[in-house]
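Presented below is the structure to which this report refers.
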Amino acid sequence: MKAQKFSLADAKLERSPGQKADIFVGNLIDEKDGGPVTIGYGRYAPDQSLTETMAVHDTMIVLEGRLFVSTSDGTVTAGQGDIVYMPKGEAVTITTEGEGALTAYVTHLHWTEAHEG
Numbered sequence: 685m686k687a688q689k690f691s692l693a694d695a696k697l698e699r700s701p702g703q704k705a706d707i708f709v710g711n712l713i714d715e716k717d718g719g720p721v722t723i724g725y726g727r728y729a730p731d732q733s734l735t736e737t738m739a740v741h742d743t744m745i746v747l748e749g750r751l752f753v754s755t756s757d758g759t760v761t762a763g764q765g766d767i768v769y770m771p772k773g774e775a776v777t778i779t780t781e782g783e784g785a786l787t788a789y790v791t792h793l794h795w796t797e798a799h800e801g
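Be aware that the sequence shown starts at 685, since it is given in my numbering, and climbs by one per residue.
As structure tokens, this is what we get:
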């Protein structure tokens, strides 16, 4: 696999699997490309909430806006430039308030495979 550069315009954003909130993701590299990780962008509309048990190790970088990640240990607030790591097996609730958020993510293993099987 060669070095590649991506921008938000390269991502086809679709509703995050298994939920009805206005939260959209777009993979840029995933299992179809033969790499060990999935990378992409996520867009969270204002006042949204997503609760799930992480099926993969997920690292999320906040590019715009602000979001809150809650676990049984408490809540972290992440704004522009912050990185949030959510380990596989952790129950999380990700919420946004008035401004929503734009994120980039890296997951290991591939989250599409984890949600399908």
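All C-beta atoms in this analysis are idealised placements derived from N, C-alpha and C, irrespective of residue type, glycine included.
query, result
"Per DSSP, the bridge partner or partners of T791", "T722 and D742"
"Under the three-state DSSP convention, the category L692 falls into", "helix"
"Classification of S700 by the beta-carbon crowding that lies within 10 angstroms, buried from 16 upward", "buried"
"Rounded C-alpha distance that separates G801 from Y725", "Residue placement at G801 cannot be trusted, given a pLDDT of 48 that sits under 50; the coordinates are not used to answer."
"CA nearest to the CA of P730, picked from H792, G782 and Y789", "G782"
"Cβ shell of A705 (< 7 Å), same chain only, five flanking positions each side left out", "Q732, S733 and L734"
"Cβ contact (3+ pairs, closer than 8 Å) linking the stretch 766-786 and the stretch 708-715", "no"
"Opening and closing residue of the beta strand (DSSP E) in which E736 lies", "S733 to T737"
"For E748: DSSP bridge partner residues", "L786"
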